[in-house]
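Below: one structure, written as structure tokens.
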Amino acid sequence: MPDSVSPLAGSLFAADALLPTGWARQVLFEWNAAGQLTAVTPGSAPASTTPRAVGPVLPGVPNLHSHAFQRAFGGLTEFRGAAQDSFWSWRTLMYRFAGKISPAQVEAIATWLYVEMLEAGYTSVCEFHYLHHDVDGKPYADDAELALALLRAAKRTGIGLTLLPVLYQTSGFGGPAPREGQRRFIRPTESMLRLLERLRPLCEAQGARLGLAPHSLRAVPADALRDALAGLDAIDAAAPVHIHIAEQTGEVDACLAWSGQRPVAWLLDHAPVDARWCLVHATHMDADEYRRAAASGAVAGLCLTTEANLGDGVFDFNAWRAAGGRWGVGSDSHACVNAAEELMMLEYGQRLVTRQRNVGADAAHREVATALTLAAVQGGAQAAGRTIGGLAVGQQADFVVLDASHVALQGLPAPEMLSSHVFASHRSSALDAVYVAGQVRVGAARHALHREASAAFVAARSQLLAKD
Ligand code: NGQ
Ligand code: ZN
2 MPDSVSPLAG SLFAADALLP TGWARQVLFE WNAAGQLTAV TPGSAPASTT
52 PRAVGPVLPG VPNLHSHAFQ RAFGGLTEFR GAAQDSFWSW RTLMYRFAGK
102 ISPAQVEAIA TWLYVEMLEA GYTSVCEFHY LHHDVDGKPY ADDAELALAL
152 LRAAKRTGIG LTLLPVLYQT SGFGGPAPRE GQRRFIRPTE SMLRLLERLR
202 PLCEAQGARL GLAPHSLRAV PADALRDALA GLDAIDAAAP VHIHIAEQTG
252 EVDACLAWSG QRPVAWLLDH APVDARWCLV HATHMDADEY RRAAASGAVA
302 GLCLTTEANL GDGVFDFNAW RAAGGRWGVG SDSHACVNAA EELMMLEYGQ
352 RLVTRQRNVG ADAAHREVAT ALTLAAVQGG AQAAGRTIGG LAVGQQADFV
402 VLDASHVALQ GLPAPEMLSS HVFASHRSSA LDAVYVAGQV RVGAARHALH
452 REASAAFVAA RSQLLAKD
């Protein structure tokens, strides 16, 4: 496979496929040169020339939350450094790492990360991009330098992209000045709006969506939040808005001390939260916040393995779903890069807390992996602001093909193949092919750039470690 395949209309036949309504048999998929599905026909008899999938076809999962550079930091904080390590002590180490990374390193890390994502069943990513400036905190000669590195990495690997430049101005609630370790993140609102204007045509040219991410209520004062949202609306009134909210109990306590309200309640009262919004790590909500946030139509951005890795706490999935809440998954710090494992972790967290099994099943789908995959695709697509909401006409042809000959799957009915992939498999090795917009990006479980991108990643990480 060359890096960039010229877009072509195409078709694929699947003996089994997971459509938005559930499993279907003998499905013929057809798409146009733009990579958009034009027909999805169960009960088809394919022509002998139609390519056949080697196993069940699933919708690709959107990854709704990523800080790409953190991939190279994985495994480097898994030792005790204080009497009691926490999210905050992790963050100090992460800032040290973020403080020295170069544009070429960001690009190498993101390129490999996106290859890994594609090989693990993610067909698109929302990049929550806050590393803006040079190591001394000054803007690069080209202020969009690092955003451009991410755009190139996405284009080269073929992953779908929602680029979310991050607004970051303060180091806590109520406007305290940023810390030294945050110097590369800081942007006045005006500078953010100029960056968005600059990036918009570049995103459009490669089919990426541009949005905005106020980092958190700790990092963005109320007036800046209001002004930035107004500026974003003037550029694209439907653009996605993502924010970190209520990840840590310490953050909830600080917000209460500042405003008398918890973070989610404050946000719902002071910002026009609706279906454009993705509330990342809305972990610590009270019953009223679960109800109100779900009713807003916003997506809950669940980053299960990172939230476990950082000791955040457990999201109340039953409360959220009972309120009709939408949700999707993200790999965030990339402690794990695998769509199936995020779903497994979601279900296992709930099992451990509720002491029940098969919590994630729903009225329409009794198989947990099926129910969770479909919901994560819907919610992820909404958060991404792109037409990647599953295997239906008008949506992008983003497929994952399971390898029916894999030892974990062989001989099972299709729904159990997916269950086995999520709960009992060797993870990404059970995937055969991954298509984005109708183009094969992973074949025989490998992306064409696998070898080259992994070598460049290792080299970049070694350079970073050598600087210590
Ligand atoms: C981040 N990551 O921006 O990378 C954050 C940590 C913060 C996560 N929340 C920094 N997982 O929230 O202040
Ligand atoms: Zn994050």
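Just so you know, our numbering puts 46 at position 45 of the sequence shown, and the rest follows in order with no gaps. Heads up, the beta-carbon is just placed ideally off N, CA and C, and yes, glycines get one too.
Start and end of the beta strand (DSSP E) containing Asn555?
-> Outside the displayed span of the chain (2 to 469) sits residue 555, for which this structure offers no information.
From Gly176, Gly395, Ala415, residue whose alpha carbon lies closest to that of Asp404 = Locating residue 404 in the sequence shown gives position 403, where the first residue counts as 1. Ranking Gly176, Gly395, Ala415 by Cα distance to Asp404 puts Ala415 first.
Comparing alpha-carbon positions, which option in Gly36, Glu368, Ile102, Gln262 lies nearest Ser463?
-> As a working note, residue 463 is residue 462 in the sequence shown. Minimum Cα distance to Ser463 is reached at Ile102.
Do Asp289 and ligand 2 come close, with the Cβ less than 6 Å from some heavy atom?
-> By 1-based counting over the sequence shown, the position of residue 289 is 288. No, ligand 2 has no heavy atom inside 6 Å of this Cβ.
Range of the contiguous alpha helix (DSSP H) that encloses His422 = The sequence position of residue 422 within the sequence shown is 421, counting from 1. His422 -> alpha helix (DSSP H) spans 415-424.
Kindly indicate which three-state DSSP category Gln499 falls into: helix, strand or coil?
-> Coverage of the chain is limited to positions 2 through 469, which leaves residue 499 absent and any answer about it impossible.
So does the stretch 324-338 actually touch the stretch 70-80, counting three or more Cβ pairs closer than 8 Å?
-> yes
With DSSP as the reference, please indicate the residues paired to Gly444 in a beta bridge.
-> One-based indexing of the sequence shown puts residue 444 at position 443. Checking the DSSP bridge columns, you'll see Gly444 partnered with Arg447.
On the premise that Pro241 lies in contact with Arg277, defined as a C-beta separation below 8 Å, what is that separation, rounded to the nearest angstrom?
-> Against the sequence shown, residue 277 aligns to sequence position 276. Against the sequence shown, residue 241 aligns to sequence position 240. Confirmed, about 6 Å.
Whole beta strand (DSSP E) runs in the stretch 99-143 with 3 or more residues, listed along the chain?
-> 123-130
Please report how far the alpha carbon of Leu347 lies from the alpha carbon of Gly381, in whole angstroms.
-> Locating residue 347 in the sequence shown gives position 346, where the first residue counts as 1. Locating residue 381 in the sequence shown gives position 380, where the first residue counts as 1. Going from the Cα of Leu347 to the Cα of Gly381 covers about 15 Å.
Continuous alpha helix (DSSP H) stretch holding Ala200: start and end = Counting from 1 along the sequence shown, the entry for residue 200 is found at position 199. First, the amino acid is wrong: residue 200 is Leu here, not Ala. Boundaries of the alpha helix (DSSP H) around Leu200: 190-206.
Taking Thr306 and Glu342 to be in contact with their CB atoms under 8 Å, please state how far apart those CB atoms are, rounded to whole angstroms.
-> Position 305 of the sequence shown holds residue 306. Position 341 of the sequence shown holds residue 342. The Cβ separation is near 6 Å, so the contact holds.
Quick one, which of Leu149, Leu168, Ala454, Gly326 has its alpha-carbon nearest Ile244's?
-> Within the sequence shown, numbered from 1, the residue matching residue 244 stands at position 243. It is Leu168 whose Cα lies nearest to the Cα of Ile244.
Hey, is the stretch 351-366 in contact with the stretch 389-401, meaning 3+ C-beta pairs nearer than 8 Å?
-> No: the two stretches stay apart, fewer than three of their Cβ pairs being nearer than 8 Å.
Quick one: grab the DSSP three-state call for Thr374.
-> Along the sequence shown, read from residue 1 onward, the residue named residue 374 stands at position 373. Reduced to three states, the DSSP call for Thr374 is helix.
Among residues of its own chain, excluding the 5 on either side of Thr513, which ones have a beta-carbon nearer than 7 Å to its beta-carbon?
-> Residue 513 is absent from the structure shown; the chain starts at 2 and stops at 469.
Buried or exposed: which applies to Ala434, given that a residue is buried once 16 or more other Cβ atoms fall within 10 Å of its Cβ?
-> Here the question's residue 434 lines up with position 433 in the sequence shown. With 16 or more other Cβ atoms within 10 Å, it is buried.
What are the complete beta strand (DSSP E) segments, minimum 3 residues, inside the stretch 15-39?
-> 23-32
Using 6 Å as the cut-off, classify the Cβ of Asp333 as near or not near the heavy atoms of ligand 2, replying yes or no.
-> Reading the sequence shown from its first residue, position 332 is the one you call residue 333. Asp333: yes, Cβ under 6 Å from ligand 2.
Identify which residue in Gln37, Leu465, Ala109 has its Cα closest to the Cα of Gln396.
-> As a first step, residue 396 must be located in the sequence shown, where it is residue number 395. Of Gln37, Leu465, Ala109, the residue nearest in Cα terms is Gln37.
Which class does Asp289 belong to by DSSP, given the choice of helix, strand or coil?
-> Here residue 289 refers to the residue found at position 288 when the sequence shown is read from its first residue. Note: Asp289 maps to helix in three-state DSSP.
Can you tell me whether Pro63 is buried or exposed, with buried defined as 16 or more other CB within 10 angstroms of its CB?
-> Looking up residue 63 in the sequence shown gives position 62. It counts as buried.
Three-state secondary structure assigned by DSSP to Asp333 | Reading the sequence shown from its first residue, position 332 is the one you call residue 333. Asp333 falls in the strand class under three-state DSSP.
Considering His271, what are the terminal residues of the alpha helix (DSSP H) in which it resides?
-> Your numbering for residue 271 matches position 270 in the sequence shown. It spans 264-271 - the alpha helix (DSSP H) in which His271 sits, taken as one unbroken run.
Work out the CA separation of Pro166 and Arg199 for me, nearest whole Å.
-> Your numbering for residue 199 matches position 198 in the sequence shown. Your numbering for residue 166 matches position 165 in the sequence shown. Using only the alpha carbons, I get a separation of about 12 Å.
Taking only the alpha-carbon atoms, compute the straight-line gap between Thr250 and Ser87 and give it to the nearest angstrom.
-> Within the sequence shown, residue 250 is the residue found at index 249, counting from 1. Within the sequence shown, residue 87 is the residue found at index 86, counting from 1. Those two C-alpha atoms are separated by around 12 Å.
By how many angstroms is the C-alpha of Leu233 removed from the C-alpha of Trp321?
-> The count along the sequence shown starts at 1 and reaches residue 321 at position 320. The count along the sequence shown starts at 1 and reaches residue 233 at position 232. Spanning the alpha carbons of Trp321 and Leu233 requires a straight line of approximately 28 Å.
Starting from Ala434, trace the alpha helix (DSSP H) both ways and give me its first and last residue.
-> Within the sequence shown, numbered from 1, the residue matching residue 434 stands at position 433. It is not in any alpha helix (DSSP H) - Ala434 instead sits in the beta strand (DSSP E) that spans 432-437.
Can you give the Cα-Cα distance for Leu375 and Ala48, rounded to whole angstroms?
-> Within the sequence shown, the letter at position 374 stands for residue 375. Within the sequence shown, the letter at position 47 stands for residue 48. One C-alpha to the other measures close to 29 Å.
If we ignore side chains and look at the alpha-carbon of each, how far apart do Gln379 and Pro21 end up?
-> As a first step, residue 379 is located in the sequence shown; it is residue number 378 there, counting from the start. As a first step, residue 21 is located in the sequence shown; it is residue number 20 there, counting from the start. Each residue's Cα considered, the two are about 9 Å apart.
When DSSP labels each residue in this structure, what does Ser471 get in the three-state scheme?
-> The requested residue 471 does not occur in the structure, where the chain is confined to residues 2 to 469.
DSSP three-state assignment for Ser90, whether helix, strand or coil = Here residue 90 refers to the residue found at position 89 when the sequence shown is read from its first residue. Residue state, collapsed to three classes: helix.
With respect to 6 Å, is the separation between the Cβ of Arg92 and the closest non-hydrogen atom of ligand 1 below this value?
-> Stepping through the sequence shown from its first residue, residue 92 is reached at position 91. Checking the Cβ of Arg92 against ligand 1 gives yes.
Hey, how far is the Cα of Ala526 from the Cα of Leu465?
-> Residue numbering for the chain in the displayed model covers 2 to 469; residue 526 lies beyond these limits and cannot be assessed.
Please classify Pro52: is it buried, with 16 or more other beta-carbons within 10 angstroms of its beta-carbon, or exposed?
-> On the sequence shown, residue 52 is found 51 positions in, with the first residue counted as 1. Pro52 comes out exposed.
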